[in-house]
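Structure first, then comments.
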Amino acid sequence: MPDQASPSHAAAGARLLALTEQCVRCGLCLPHCPTYQLALDEGESPRGRIALIAAVTSGALPTEGAPKRHLDHCLGCRACETACPSLVPFGDLLDAARARQLASLPRWRRWARRARLGALSNARFMRFIARAAAGYRGSGVARMAEWLGLHQSQGWGPFHRLALVLGRPQRLPRSAPVAPTLQLFAGCMSEVAQPQALHAARRILQALGERVAHDPAPACCGAILRHNGLPDRADQTLARQATVLDGHVIVGTASACVAELHRQPELAQSAEICTWLAGRRWPDDLALASLPDTVAVHEPCTHRHGLGGNHDVYHLLERIPDLRLLELPENATCCGAAGTHLIEQPVLSQALLQRKIMHLRRLAPAVVVTTNPGCALHLRAGVREAGLDIEVCHPIELIDRQLRQPQLPTTRTGHRRRR
Numbered sequence: 051m052p053d054q055a056s057p058s059h060a061a062a063g064a065r066l067l068a069l070t071e072q073c074v075r076c077g078l079c080l081p082h083c084p085t086y087q088l089a090l091d092e093g094e095s096p097r098g099r100i101a102l103i104a105a106v107t108s109g110a111l112p113t114e115g116a117p118k119r120h121l122d123h124c125l126g127c128r129a130c131e132t133a134c135p136s137l138v139p140f141g142d143l144l145d146a147a148r149a150r151q152l153a154s155l156p157r158w159r160r161w162a163r164r165a166r167l168g169a170l171s172n173a174r175f176m177r178f179i180a181r182a183a184a185g186y187r188g189s190g191v192a193r194m195a196e197w198l199g200l201h202q203s204q205g206w207g208p209f210h211r212l213a214l215v216l217g218r219p220q221r222l223p224r225s226a227p228v229a230p231t232l233q234l235f236a237g238c239m240s241e242v243a244q245p246q247a248l249h250a251a252r253r254i255l256q257a258l259g260e261r262v263a264h265d266p267a268p269a270c271c272g273a274i275l276r277h278n279g280l281p282d283r284a285d286q287t288l289a290r291q292a293t294v295l296d297g298h299v300i301v302g303t304a305s306a307c308v309a310e311l312h313r314q315p316e317l318a319q320s321a322e323i324c325t326w327l328a329g330r331r332w333p334d335d336l337a338l339a340s341l342p343d344t345v346a347v348h349e350p351c352t353h354r355h356g357l358g359g360n361h362d363v364y365h366l367l368e369r370i371p372d373l374r375l376l377e378l379p380e381n382a383t384c385c386g387a388a389g390t391h392l393i394e395q396p397v398l399s400q401a402l403l404q405r406k407i408m409h410l411r412r413l414a415p416a417v418v419v420t421t422n423p424g425c426a427l428h429l430r431a432g433v434r435e436a437g438l439d440i441e442v443c444h445p446i447e448l449i450d451r452q453l454r455q456p457q458l459p460t461t462r463t464g465h466r467r468r469r
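Shown next, in the form of structure tokens:
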């Protein structure tokens, strides 16, 4: 356990307390907080969590018990930051509080937590998990788990539902052109959660005349480490990315990754693919085929609050003729994926997801698009469990299809869709 009396620990505590003092306790954040909306409990609100962080940091309350529970429930969606008139940097405050919380654990628990987060932020390990999930689905083990009722347990249930929607890893072909004009950032999750988005992005960028490079061994941006109590390791990871990517134009398909890259000054010009494409002039001969379907846009918190909004997603999709574009209701409220939240807080995560599924059931779109791979997995699992015939994909996948397939689009089952 770290020395609680060390100068560095005391200095970190003083900085954390200074951040908590920026909050004027006005409560304007409460209606925007998803967990407060569900619980109507002050401890589940940003204001309540800030008060708990201050009390724990000053020694007035223990780390364990109610303070830990309320902090663990926080999604880190940053909706409160957007609403806060005092500009309290709640995301940074939460990250710092979780780092102190992790540092207070016994050594073996710290080691176990670090090992788990290290694995989840490793692209090679995630490819292994995706292959294991395919075996789980195809071997009959998944059906056995459902027969035994394990899929409904809080322990195994989250892994089961994700295993049923996790795709096989589809790595990008090696690409190292002479004098590349652009670097496509894959991160650690996209190859297994939204692999088609990476391939679609590469094809479109090349169609626009870009010489696209990408790392054959994609690495994590550090976000999953930062938001789970390991900011130092996240900074190291981000610094390594800056060393590799500095000087390149960087485009990513995962909004969470791009938001994290923006923390590093050398990578501050990184762009989410929809934003990058929305700012480009398209050649006249690069026409999109008509798509007479309804598409709902889900706005991930990392895009809405971390990258300044999703307007470029709408502008890009509006290029598709005859497309009926809808904003998913309650887009300002987190879907519940929230990084590792969908695994570690399954009850809360599911409660938030069901609100999204309710709206999707009512709207009945052909497709729902999202720019975050974690949200895509969460929504895909919810759609499957609800028995809805709705595809979940990245916006760039629709653009790619309409560029490559000028004929009338088909559904996933191969039937012509006319509306």
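Just so we're aligned, residue 51 is where the sequence shown starts under the working numbering, counting upward by one. We treat Cβ as the ideally placed atom computed from N, Cα and C, and that holds for glycine.
Residue i burial status per 10 Å Cβ neighbour count (16 or more: buried)
{"i": "Q457", "result": "Its pLDDT being 47, under 50, Q457 is placed unreliably in this model, and the value from its coordinates should be taken loosely. Classification for Q457: exposed."}
{"i": "P423", "result": "buried"}
{"i": "Q204", "result": "exposed"}
{"i": "P208", "result": "buried"}
{"i": "L280", "result": "buried"}
{"i": "C76", "result": "exposed"}
{"i": "P415", "result": "buried"}
{"i": "A251", "result": "buried"}
{"i": "W326", "result": "buried"}
{"i": "Q233", "result": "buried"}
Limits of the alpha helix (DSSP H) - the one that residue i falls within
{"i": "V419", "result": "Not the alpha helix (DSSP H): V419 falls in the beta strand (DSSP E), residues 417-419."}
{"i": "C238", "result": "Looking at the DSSP string, C238 is not in any alpha helix (DSSP H), and its letter there is neither H nor E."}
{"i": "G185", "result": "173-188"}
{"i": "V106", "result": "96-108"}
Separation of residue j from residue i, as counted between CA atoms
{"i": "R313", "j": "A153", "result": "23 Å"}
{"i": "L258", "j": "A64", "result": "51 Å"}
{"i": "R253", "j": "R451", "result": "10 Å"}
{"i": "M51", "j": "I100", "result": "Confidence at M51 is low in this model, with a pLDDT of 46, below 50, so the placement of that residue should be treated as unreliable; the coordinate-derived value is given next. Near 24 Å, if we compare the C-alpha coordinates of I100 and M51."}
{"i": "C134", "j": "C79", "result": "6 Å"}
{"i": "A173", "j": "R218", "result": "13 Å"}
{"i": "A62", "j": "C130", "result": "23 Å"}
{"i": "W158", "j": "R164", "result": "10 Å"}
{"i": "L410", "j": "G109", "result": "46 Å"}
{"i": "I446", "j": "R221", "result": "17 Å"}
{"i": "L448", "j": "I370", "result": "9 Å"}
{"i": "P333", "j": "A339", "result": "15 Å"}
{"i": "L125", "j": "A382", "result": "13 Å"}
{"i": "L67", "j": "T107", "result": "7 Å"}
{"i": "R462", "j": "A388", "result": "Here R462 scores only 44 on pLDDT, less than 50, and its place in the model is too uncertain to base an answer on."}
{"i": "Q286", "j": "D335", "result": "44 Å"}
{"i": "M408", "j": "L429", "result": "12 Å"}
{"i": "Q400", "j": "H391", "result": "10 Å"}
{"i": "R148", "j": "P396", "result": "19 Å"}
{"i": "A146", "j": "D282", "result": "10 Å"}
{"i": "L255", "j": "V347", "result": "22 Å"}
{"i": "R193", "j": "R187", "result": "8 Å"}
{"i": "M239", "j": "S171", "result": "8 Å"}
{"i": "L438", "j": "R374", "result": "19 Å"}
{"i": "Q87", "j": "T132", "result": "16 Å"}
{"i": "L311", "j": "H277", "result": "14 Å"}
{"i": "F175", "j": "L295", "result": "23 Å"}
{"i": "A229", "j": "V74", "result": "52 Å"}
{"i": "L453", "j": "L248", "result": "16 Å"}
{"i": "L366", "j": "R331", "result": "12 Å"}
{"i": "R434", "j": "I440", "result": "9 Å"}
Close-in-space but distant-in-sequence residues of the same chain around residue i (CB under 7 Å, 5 per side omitted)
{"i": "A183", "result": "A213, L216"}
{"i": "C307", "result": "F235, G237, C271, A273"}
{"i": "P96", "result": "C79, C83, C130, F140"}
{"i": "A104", "result": "L67, T70"}
Where the beta strand (DSSP E) containing residue i begins and where it ends
{"i": "Q395", "result": "Q395 -> no beta strand (DSSP E), and no H or E assigned at all."}
{"i": "L234", "result": "232-235"}
{"i": "V138", "result": "No beta strand (DSSP E) holds V138; DSSP gives it neither H nor E."}
{"i": "R374", "result": "374-377"}
{"i": "A346", "result": "344-347"}
Other residues of its chain near residue i: CB distance less than 8 Å, five sequence neighbours each side excluded
{"i": "A426", "result": "A243, Q244, T420, V442, C443, H444"}
{"i": "L102", "result": "G93, L111, A116, P117, H120, L121"}
{"i": "L378", "result": "A346, V347, H348, E349, K406, H409, L410, L413, V418"}
Nonlocal neighbours in the same chain, by C-beta distance under 6 Å from residue i, ignoring five residues either side
{"i": "R211", "result": "A431"}
{"i": "C127", "result": "C351, C384"}
{"i": "A309", "result": "T352, G356, L357"}
{"i": "P459", "result": "Because P459 sits at a pLDDT of 45, beneath the cut-off of 50, its placement in the model cannot be relied upon, and the following sentence gives the value as read from the coordinates. Counting only Cβ-Cβ distances below 6 Å, and skipping sequence neighbours, we find L341."}
{"i": "L69", "result": "L143"}
{"i": "A292", "result": "Q314, E316, L317"}
{"i": "K406", "result": "C385"}
{"i": "I300", "result": "Q233, F235, S320"}
{"i": "H201", "result": "A195, G207, H210"}
Check: residue i C-beta below 7 Å from any heavy atom of the ligand ADP
{"i": "K406", "result": "For the structure depicted, the ligand ADP is absent and the ligand set is empty, with no information on it obtainable."}
For residue i, the residue or residues it bridges with in DSSP
{"i": "V262", "result": "L232"}
{"i": "V215", "result": "Paired residues: none, contrary to the question."}
{"i": "V301", "result": "L234, A321"}
{"i": "C443", "result": "V419"}
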